[in-house]
Amino acid sequence: MIANFFNKTKPAIIVNLLLLFTIFYVVATFLFRTIDFSKASLGLSLAIFIGFIFMLLLINFILRKNNLTGDNSYALYIIIVVLGSFYEIIFSINLFFSNLLLLFAFRKIYSLKSGFNTKSKLFDAGFWIGISAILYTWSVLFLVLVYISLFIYNKITLKNLAIPIIGFLFPVIVFFTYHFYFDSVELFYSKLVFNYNVDFSNYNQLKYVLPLSLLITILIWSVIFLTPKILQVSTTFKSALQLIIGHFIISVIIIVFSIQRNGSELLFLVFPSGIIIANFLQKTSSNLLKNLVLYLFLIVSVVVYFL
0 MIANFFNKTK PAIIVNLLLL FTIFYVVATF LFRTIDFSKA SLGLSLAIFI
50 GFIFMLLLIN FILRKNNLTG DNSYALYIII VVLGSFYEII FSINLFFSNL
100 LLLFAFRKIY SLKSGFNTKS KLFDAGFWIG ISAILYTWSV LFLVLVYISL
150 FIYNKITLKN LAIPIIGFLF PVIVFFTYHF YFDSVELFYS KLVFNYNVDF
200 SNYNQLKYVL PLSLLITILI WSVIFLTPKI LQVSTTFKSA LQLIIGHFII
250 SVIIIVFSIQ RNGSELLFLV FPSGIIIANF LQKTSSNLLK NLVLYLFLIV
300 SVVVYFL
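In numbering that gives the first Met the number 0, the protein residues as written are 0 to 306.
This is the structure:
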């Protein structure tokens with residue numbers, strides 16, 4: 000059964016998951032984009048595809064390095080089928096690069112629990128969030144996640160509070176200097192505007208309602224199921240789960256105010272959602288429930304291409 004297959008982290012399973020994403024990417028590209036077979040267009044499509052593969056491998060590295068899930072591939076599976084369900088994510092280059100940069104920040108934030116190179120990690124986290132915010136302004140909210148991690152891991156000092164801001168300001172100041180030199184500061188100031196859209200009518204389409212309903216339902220059930228479990232687990236894992244919940248809440252806030260309403264904005268949600276649902280799956284003793292959840296996500300990810 001599918002739950003037993005992904006209850007491991009063997010390289011062969013990772014390869015199969017990457018092949019699954021490849022199918023989603025190719026099908027979405029051919030079905031929903033006008034294909035230009037010029038070298039430049041094909042080169043761009045290939046580069047974006049390679050970028051997504053790198054993103055997925057980076058996510059897997061962060062999960063394994065920081066023990067955010069058990070020894071299984073549930074999280075990566077959930078992330079890939081959610082990406083496939085909201086195929087507009089594949090075509091949003093700006094959001095892709097913004098989220099890719101954020102992953103470098105998350106790598107540092109989640110590793111703060113180790114206690115090594117704390118100040119360097121704080122600077123790097125702020126630095127990557129700064130670059131991401133240049134591409135997508137709302138990414139600045141993930142600075143809050145840095146301070147949540149400082150609180151959770153008991154690393155609050157005056158220096159530690161200041162370092163993420165310094166790291167964040169470094170690329171922003173470089174970006175301002177560049178535009179000041181070329182007399183285009185208007186473009187810099189345009190990056191300081193938090194454009195927002197609170198019209199959710201676009202989500203009424205069945206291709207959004209179906210996967211969103213499934214994702215929200217499983218997430219709510221996962222949180223309800225995990226809450227009492229969190230109180231029973233070790234302090235280290237409890238702290239990681241608290242940080243994941245904070246990550247999830249920030250992602251939801253960004254999505255709520257995002258100017259995009261085509262599903263691509265949900266890219267911010269896939270990382271914490273995958274972790275939360277994976278922890279739920281590995282802690283439930285019902286193989287029937289595990290298989291049901293995994294099959295439902297796969298079925299929905301296929302059905303949306305026919306809506």
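No residue lacks a Cβ here, since even glycine has one placed at the ideal position from N, Cα and C.
Remember, predicted model here, so these are calculated numbers, not experimental data.
- Under the criterion of beta carbons closer than 8 Å, residue 209 and residue 159 do not qualify as touching, at roughly 44 Å.
- Residue ranges of uninterrupted alpha helix (DSSP H) with 4 or more members, entirely inside the stretch 130-183 and ordered along the chain, are 142-151, 157-180.
- Exclusion of the five residues before and after residue 111 leaves 117, 120, 148, 152, 154 as the residues of its chain whose Cβ lies within less than 7 Å of its Cβ.
- Scanning the stretch 6-83 from its first residue to its last, the whole alpha helix (DSSP H) runs of 4-plus residues come out as 10-31, 38-64.
- Around the CB of residue 94, 16 or more other CB atoms lie within 10 Å, so the residue is classed as buried.
- In the structure shown, the three-state DSSP call for residue 195 is coil.
- Exclusion of the five residues before and after residue 80 leaves 296, 297, 300 as the residues of its chain whose Cβ lies within less than 7 Å of its Cβ.
- Within the model, the alpha-carbon separation for residue 243 versus residue 37 is close to 42 Å.
- Distance from residue 252 to residue 195 at the Cβ level is roughly 11 Å; contact not present, criterion being Cβ atoms closer than 8 Å.
- Residues of the same chain with a CB within less than 8 Å of the CB of residue 146, apart from the 5 flanking positions on each side, are 160, 163 in chain order.
- Collapsing the DSSP output to three states places residue 283 in coil.
- Leaving aside the five residues that flank residue 256 on each side, the residues in its chain whose CB is nearer than 8 Å to its CB run, in chain order, 137, 193, 195, 196, 197.
- When 269, 273, 302, 287 are compared, the shortest CA-CA separation from residue 88 is found for 269.
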